[in-house]
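Chemist: According to numbering that gives the first Met the number 0, the sequence shown holds residues 0 to 1032 in order. Positions of the beta carbon are idealized from the N, C-alpha and C atoms, including for glycine.
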Amino acid sequence: MLAARRLRVLRQPLLQARWMSALVDEAASPILTPAARKLAFKEELEQARKRALEGGGAERVAKQHEKGKLTARERIELLLDKGTFREYDMLKSHRCSDFGMEKQQYPGDGVVTGRGLINGRLTFVFSQDFTVFGGSLSETYAEKIVKIMNKAMELGAPVIGLNDSGGARIQEGVASLAGYADIFQLNVLASGVIPQLTMVMGPCAGGAVYSPAMTDYIFMCRDSSYMFVTGPDVVKTVTNEEVTQEELGGAATHTKTSGVAHCAFDNDVEAIREMRRFFDFLPLNNKEKPPVRKSDDDRNRPVPTLESIVPPDPNVPYNMKDIIHQIVDSFDFFEIMPDYAKNIIVGFGRMEGRVVGILANQPMELAGCLDINSSVKGARFVRFCDAFNIPIVTLVDVPGFLPGTDQEYGGIIRHGAKLLYAYAEATVPKITIITRKAYGGAYDVMSSKHLRGDINYAWPSAEIAVMGAKGAVEIIFRGQNVEENTADYEKKFANPMVAAQRGFVDDIIEPVNTRRHICEDLDVLETKDVKNPWKKHGNIPLADLFMIPHHFRIRFEKPKTITLDSALDTKMVKLTLSPRTPQTVDAFLQFINKSPSPFHAVYETVQTLTAAGFKQLKEEDSWKDAVQPNGKYYVTRNQSAIVAFAVGGKYQRGNGFHVIGAHTDSPCLKVKPVSNIESQGWLQVGVETYGGGLFHTWFDRDLGLAGRVIVRESDSSFQSKLLLVNRPIMRIPTLAIHLDRKVSEGFTFNKETHLRPVIASAARAELEATTDGKDQPKSKHASVLLQLIAKELDVKIDQICDFELCLFDTQGANVGGVLEEFIFSPRLDNLCCSWLATQSLIKSLDNLADDENVRVAALFDNEEVGSQSLMGAGSNFMQSVAERVAQGELCGAAARKSFMVSADMAHGVHPNYSDRHEQNHRPALHAGPVIKHNANERYATSGTSSFLMKELARRHNVDIQEFVVRQDTGCGSTIGPILSTNTGIRTIDVGLAQLSMHSIREMCGTEDLVKTLDWFTAFYSEFSTLDKCLKTD
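1) Just to confirm my understanding: we take E603, look at its own chain, exclude 5 residues before and 5 after, and list those with CB closer than 7 Å. What are they?
2) Alpha carbon to alpha carbon, how far is T980 from D296?
3) For the 8 Å Cβ check, are there 3 or more pairs between the region 105-116 and the region 76-92?
4) At which residues does the alpha helix (DSSP H) containing A416 begin and terminate?
5) Which residue marks the beginning of the beta strand (DSSP E) containing L785, and which one marks its end?
6) Counting only the same chain and skipping the five closest in sequence on each side, list residues whose C-beta sits under 6 Å from that of P776.
7) Who pairs with I659 in a beta bridge, going by DSSP?
8) Check whether the Cβ atoms of Y456 and I389 lie closer than 7 Å to each other.
9) Could you please give the first and the last residue of the uninterrupted beta strand (DSSP E) stretch that includes I147?
10) Give the single residue among A437, R168 and Q993 whose Cα lies nearest to the Cα of E820.
11) Is any heavy atom in the ligand ZN found nearer than 6 Å to the beta carbon of I788?
12) Tell me which residues share the same chain as G178 and place their Cβ nearer than 6 Å to its Cβ, disregarding the 5 neighbours each side in the sequence.
13) Taking the alpha carbon of G67 as the point to measure from, which residue in H253, M870, G440 and S223 has its own alpha carbon closest?
14) Within the same chain, show all residues whose beta-carbon is closer than 8 Å to that of A27, passing over the 5 residues directly before and after it, in chain order.
15) Nearest to D522 by alpha carbon, out of P540, V354, R120 and N118?
16) Could you spell out where the beta strand (DSSP E) holding M496 opens and where it closes?
17) Once DSSP output is grouped into helix, strand and coil, what is the label at I308?
18) The beta strand (DSSP E) with D801 in it runs from where to where?
19) With a threshold of 7 Å between beta-carbons, can V670 be considered close to chain B, or not?
20) Could you spell out where the alpha helix (DSSP H) holding L827 opens and where it closes?
21) With a floor of 3 residues, list each beta strand (DSSP E) that falls wholly inside the region 462-525, ordered by position along the chain.
22) Contact between the region 930-943 and the region 971-991 is defined here as three or more beta-carbon pairs at a separation below 8 Å; is this criterion met?
23) Going by alpha carbons, who is nearest to V199 out of F183, A180, L185 and C220?
24) Where does L1029 land, buried or exposed, given buried means 16+ other C-beta within 10 angstroms?
25) Put L947 into one of helix, strand or coil per three-state DSSP.
26) Rounded to whole angstroms, what's the CA-CA distance from E917 to D265? Just pull it up for me.
27) Three-state secondary structure (DSSP) at Q683?
28) Output needed for D331: all residues of its chain with C-beta closer than 8 Å, excluding positions within five of it in sequence on either side, in chain order.
29) Is E65 helix, strand or coil when you go by DSSP?
30) Whole-angstrom Cβ separation of V757 and R730, contact assumed at under 8 Å?
31) Using the DSSP secondary-structure output, state which residues sit across from L116 in a beta bridge.
32) Could you check which residue in E171, Y87, G873 and I959 has the C-alpha nearest to that of S945?
33) Run through DSSP, which three-state label would H920 get?
34) Can you tell me which of V626, E851, P928 and E473 puts its alpha carbon nearest to the alpha carbon of Q651?
35) Determine the DSSP secondary structure at F332, reduced to helix, strand or coil.
36) I'd like the list of long-range same chain contacts for K235, defined as Cβ closer than 7 Å, with 5 residues on each side in sequence excluded.
Written out as structure tokens, the structure reads:
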């Protein structure tokens, strides 16, 4: 019995060593055989490992999940390639014996450390476990982190820290603080040697914040991660200021206001996925170059849209991101700090597979001026690129440094010098392109030739001067002959010629060739080897980031509102902090601004899918053996409809299809087959209304032209080319009130005679006609229109065979509202859902290998006119694709296993017309996606389809709204009933609440976009499992 007792005790966890010691003293006890001791130890070890894997126990893990957070080990599992994690010090425990701590032992002591691979490349990682002692740092805990940091430096591999900690372990006192200092020392030694990356995924307070602050990049999670030196309670006690954790140190604060963090994401999963993507841009250490990824994006790819992107008026802004996305490989750009100091853009892209760091002025923000925050943001980015052998591409449009007392008092001189210092000391390849303005000292700072720029280019639109023409003339001529002297100054300096003549720019290049020039220059600069003079280190002009002047005291009156009490002035100035504008929204705005027609929407979708690894299939080709499990494909029809699909790794014939369907068309004005109209000395374009638009909103708008044109090539072949004239070329003027007094009683118009846009005056058109245009007989279309098309496509008029063109509002989509919470945009109905379908399909691919079904995004044309067309939902397009994937008929079993989300916009309740909604069904902006019901089957939603999608939303904390149209109001319809009838697939109709539906400019909420993207992604990722839980027929 004594031997049995001894064996039972030996099987207890290894960490209860005091029990084992007691047994040794029992001299009279029988001795176990070596085999028995080995077996006991093995079982003991297994128990210890099992306990380490359990963290703080099931109850604490459940609480972690309830907060929407993953555990430390779950995070590592997602971050690293499957099966590559090798843990260090799994069984190590603390040595504290005070305050009863000797009775509280957890293997690993609250931090998981080790190494693994990300996309096949080595990295070291530590992940703090909040379920063990709140993730608090002990002496042992610090030793584990220090060990893997030392290992990372020895082997030349990055370190990624996943922070979720309550701070120092109070029970250990100064030993815990010493542990922090040991980590800080390693942070400093590793700086510039290996990339150090931090993911703040929970609290990070007190001294703990300094380690992330010394790493290279910090990612945070919204609503669950916080960083502050002193918490809200201490702030309240010391300063009497009331502030929440989120306001004081949340992700929005640090990515928008303080600049401490670089990117923010909605949850742990998204943050980890983006970290994996970001990791691919970085080298392993400072002796290596970043990884080169094979690219199918040809360096010689012309970028014709760049020719017209810079407005003729130098005071009109444009979006520099449009240039960046066009020149990098596959339009893939990872922006850093997108919500902080927006007047400068920094991030990583690839040029023919090579990683480059891109820094650019943003004319959309502060006209691109440099200020304190943008200078510091840019300087840190340049120094990181230089430390890790990443070439720097700089795009310049800078009118100077931002003037003002707040900038001068805040130290703009020192801070501006940081960016200059960073560029001047950098020895990596530096390529600079001046797109428009390069004025004053800011010209020098932005990687000029004088700061050892390797290759410096200017576009023909560049203006390189001490200052703008007006300011220069005021100084030189003291206000005399302003117009004449301004014109003369502009002639001399509002171009890049002088700089080129003096060798300050190497060449003046056409924008269309920008990508080719950069790729060629990177080839040449591959072997660049420049070293700075030996020194211990330079003395960069350090100073604090811009702060509110000392005589202001900050008081939070309510969430997101700051009041500044000035000791020098009794006036109260209120500043409102904007809530987050997610990267999701920015990406959507880019898509919608590039998609003025269904043809462009499909083209942009193809670019996105291609970048995500989707392959094109053609309807006219055989698909035999082309479609395989884990494959990603897309098919287009008429250039205006597309079906993209990803085949599950476990898919078998007869399994289902999970579909999100939307449409690419919107109400608009289409150019008639014969459009040439001349009236009262005006040239007009005959147009036809398409769909049920609010066409009175098209009056007095600046209209552009888009669509596709059939062109005859020199070899007598024919090609379809996309046309995009994104500038105001037409307008439908209203009649002045003086000539129509009844207009105040209601605006009415005749669609045929009053809805004709003006394109030119007849006399001016005749005067300006090109030789090509004058030689044309009176045709179906105005000569000026044909000349415009020919010029945009770089063809002759007689090469134009036919076209399908529509008008669109040239005012782009943007974020609006004083709190930046709305999207003001054309074509929300239904490019919003088209974009969401594509993006959610791509975002869901991580678990495709485990899926038994096929994930489909189907975008149709002609919904606004009934869907009965070759490329509409009433056609055989989607059914044909499904049958070919299934290698036969879409049988009843497959249809029964399938499910479709018909995604279209929904009517949000109008503040001025709330009575137009049924009283219990009034969807609001920001309140989540909408499920649409109709008893007469105008929508395809059923009780079961509604339940399944609500359950999916519940699991992901997505709020759902429901909509039923008033019975005394007509109900519209969607593609849902059509597709459900034709395919026999269960269907639900959903959408996002919006206002001004079918107006030339519509409105929705930013939050709804983000929530719906999460919901749709979950549909693709998890519906296969969820669907098995409900049994009906």
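Modeler: Taking the geometry as given:
1) F590, K593 and S594
2) 41 Å
3) yes
4) I411 to E424
5) Per DSSP, L785 belongs to no beta strand (DSSP E); it is in the alpha helix (DSSP H), S782 to L792.
6) Because P776 carries a pLDDT of 47, less than 50, the predicted location of this residue cannot be relied on, and the following value inherits that uncertainty. Around P776: no qualifying Cβ.
7) A856 and V900
8) no
9) Segment E138 to L154 is the alpha helix (DSSP H) holding I147; no beta strand (DSSP E) there.
10) Q993
11) Among the components modelled here there is no ligand, and therefore nothing to report on the ligand ZN.
12) L136, E138 and A141
13) S223
14) Caution is warranted here: a pLDDT of 43 is assigned to A27, below 50, making its placement in the model unreliable, and the coordinate value is therefore given only provisionally. So no residue of the chain qualifies.
15) V354
16) Not the beta strand (DSSP E): M496 falls in the alpha helix (DSSP H), residues M496 to Q500.
17) coil
18) I799 to D808
19) Checking the listed chains, one finds no chain B in this structure; it contains a single protein chain.
20) L827 to K842
21) 462-464
22) yes
23) C220
24) exposed
25) helix
26) 33 Å
27) strand
28) G348, R349 and A610
29) helix
30) 6 Å
31) L121
32) I959
33) coil
34) E851
35) strand
36) E241
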